[in-house]
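Undergrad:
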Amino acid sequence: MRANEPDIDLRLDRSKREFEPGELLTGSFRVLRWQNLGLSAVELSVLWHTAGKGDEDIGVLHFFRVPLEPVPETDIANPQLFKVKLPASPLSYDGFIVKVRWLVRLRLFYLGGREQACEVAFRLGSVPTAQGLSTGDGAVAIGETAQP
Numbered sequence: 088m089r090a091n092e093p094d095i096d097l098r099l100d101r102s103k104r105e106f107e108p109g110e111l112l113t114g115s116f117r118v119l120r121w122q123n124l125g126l127s128a129v130e131l132s133v134l135w136h137t138a139g140k141g142d143e144d145i146g147v148l149h150f151f152r153v154p155l156e157p158v159p160e161t162d163i164a165n166p167q168l169f170k171v172k173l174p175a176s177p178l179s180y181d182g183f184i185v186k187v188r189w190l191v192r193l194r195l196f197y198l199g200g201r202e203q204a205c206e207v208a209f210r211l212g213s214v215p216t217a218q219g220l221s222t223g224d225g226a227v228a229i230g231e232t233a234q235p
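Each residue of the sequence shown is one higher than the last, beginning at 88 in this note's numbering.
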């Protein structure tokens, strides 16, 4: 943290960051020492995104914005609670070609266009990690496991 940046506290209520579809994801955020730093808004999102080969996708499940300019709507130094019912899909997945990741993201927007973000990752569902067997040419046979 730099001297000209606020203190960000983003947390989930549950220390174990694994959830099942349909469960409630609850947590809170607060931003300390934000006054006089030119902060114009704060946004909280619960989202998933893909990573890996090919095009990346993103889906936003929950979005909440707190405008701070010209007059703050709320004191973000006090805990701001959030509660989101998690969907049936997409489930978290760590594959060879694509990964699906869920996270809670808090973004701070400053006058002049600068942004700052803080993220807390979590898993949705219990899809097993992909297992594979190298074919020798760099390809992977999905669904097969290496034999001893």
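Backbone N, C-alpha and C fix where the C-beta goes; we use that ideal spot for every residue, glycine too.
With distances taken from CA atoms, which of Ala164, Arg101, Phe196 and Asp144 is nearest glutamate 156?
TA: Phe196
Undergrad: Let's see if you can read the secondary structure: which residues bound the beta strand (DSSP E) around isoleucine 95?
TA: 94-99
Undergrad: For a test of the three-state rule: what should DSSP assign to proline 174, helix, strand or coil?
TA: coil
Undergrad: Excluding five sequence neighbours on each side, which residues of the same chain lie with their C-beta closer than 8 Å to the C-beta of proline 108?
TA: Leu173, Pro174, Ala175, Ser176, Leu178, Leu211 and Gly212
Undergrad: From this set, Val207, Val187 and Ala208, which residue's C-alpha is nearest threonine 216's C-alpha?
TA: Answer by Cα proximity: Val187.
Undergrad: Taking Cβ positions, are serine 127 and phenylalanine 150 nearer each other than 9 Å?
TA: no
Undergrad: Nearest to glutamate 206 by alpha carbon, out of Val214, Leu198, Gly200 and Arg192?
TA: Arg192
Undergrad: Do you know whose CA, among Val129, Lys170 and Pro166, lies nearest arginine 201's CA?
TA: Val129
Undergrad: I'd like to know whether the C-beta atoms of alanine 164 and leucine 190 end up nearer to each other than 9 Å.
TA: no
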